Amino acid sequence: MSAPQMSNEQFVAITQLLRETAGLAFDSTRRESIAYSLGVRMRATGCVDVASYLALLMSAGDNGERQALLDEVTIPETHFFRNPPQIRALRAHVLPELLKQASATKRLRIWSAGCSTGEEPYTIAMLVRELLPDHSDWDIRVVATDISMRALSAANEARYGDRAFVMTEPVDQRRFFYLDADTGHYVVRDEIRELVEFRHHNLVTEAPPFVPGELDLIVCRNVTIYFDRATTKHLMNRLHGCLRDGGYLFLGHAETLWQVSDAFALVPLGDAFVYRRGASANASLTCHSVSAWPRNR
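Under the numbering used here, read the sequence shown as residues 78 to 374, first letter to last.
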């Protein structure tokens, strides 16, 4: 399947649109993959050349094509229990601490920001379920958001093939999934699914759907690798404002806040490093919330 030819001006126009729409920063090294994605969307829309497709993208009104292009260029690649050092840190340190701190209120709020096809938030819910087998009198919610409608649709289906389990221990796979014999897919069990809610959300253009200081834990892994430094700084400001004092932030293993934000403390936990909001952190950083999470959930 051949990719369409783009002029330099057309490539700049496409990448500028992606930056403005979702903060995605694509340089010339991604030109071929962008062209491939354009080709997929051009065939789907019947556009005969890049110029006509650009005209469709730039047309007034919400015709859904910008979202379709975002779905195409944000290709999810994730697994259950991904990044074992961080999973161990969550299992042995962070979640037990947060649950202990919440023992009086019995309320826990976690945000999986950039959740892709759902493996990450479901993994977090599995760890919570493991540590708190009886949570019937707890108010626990893992809110999972992503910019890709296609990814969120797959996450809500909660059906996965063998590839998603390359980092999953067999005991965890048996405990948290059942096999659909008709399709050969593994399905997340209901007691895990009930802890997770998926929402469409743009981390760059939309304010977080939480009130300031509401969250105990934010997991935002392998998201900022697509952003430039200015966008990442802005996002970290927002995430900081959403966390309560003492709340934790998990980034991907290749991501760092060095020269990005000094509002978090770096915490070593075993062979993983995570970030934490301290009580002395800059109080001027805010969540800038809209559509706060209902308190009766």
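Built from N, CA and C at the ideal position, the CB exists for glycine as well.
Fair warning: this is a prediction, and the values are worked out from it, not measured in the lab.
- In the DSSP assignment, H277 forms a beta bridge with D223.
- As DSSP reads the structure, I269 sits in no beta bridge.
- In this structure R298 is not in contact with G324, their Cβ atoms being roughly 16 Å apart against a cut-off of 8 Å.
- D257: member of the beta strand (DSSP E) spanning 254-257, first to last residue.
- Your pair D348 and M226 does not check out as a contact, with CB atoms roughly 36 Å apart and the cut at 8 Å.
- Taking all protein chains in view, the Cβ of G191 is crowded by 16 or more other Cβ atoms within 10 Å, so the residue is classified as buried.
- In this structure the segment 234-251 does not touch the segment 175-186; the number of beta carbon pairs closer than 8 Å is below three.
- Between R270 and A235, the C-beta spacing is below 7 Å.
- Going by beta carbons, L343 and A166 fall outside the 7 Å limit.
- The DSSP-derived three-state label of V288 is coil.
- Counted as a single uninterrupted DSSP element, the beta strand (DSSP E) harbouring F327 occupies residues 320-328.
- In this structure, the beta-carbon distance from A80 to A132 does not fall below 7 Å.
- Cβ atoms of V219 and G100 stay farther apart than 8 Å, at about 24 Å.
- Contact check for V89 and V351: beta-carbon distance about 38 Å, past the 8 Å limit, so the pair fails to qualify.
- Under DSSP, C124 shares a beta bridge with no residue.
- Here the alpha carbons of I217 and R184 stand approximately 6 Å from one another.
- R353 carries a strand assignment under DSSP once its states are collapsed to helix, strand and coil.
- For H262, DSSP records a beta bridge to D257.
- For the pair I295 and L328, the CB atoms are not nearer than the 7 Å cut-off.
- With fewer than 16 other Cβ atoms from the protein chains shown falling within 10 Å of its own Cβ, P210 counts as exposed.
- Secondary structure of F304 (DSSP, three-state): coil.
- Judged by their CB atoms, V300 and Y199 are not nearer to each other than the 7 Å cut-off.
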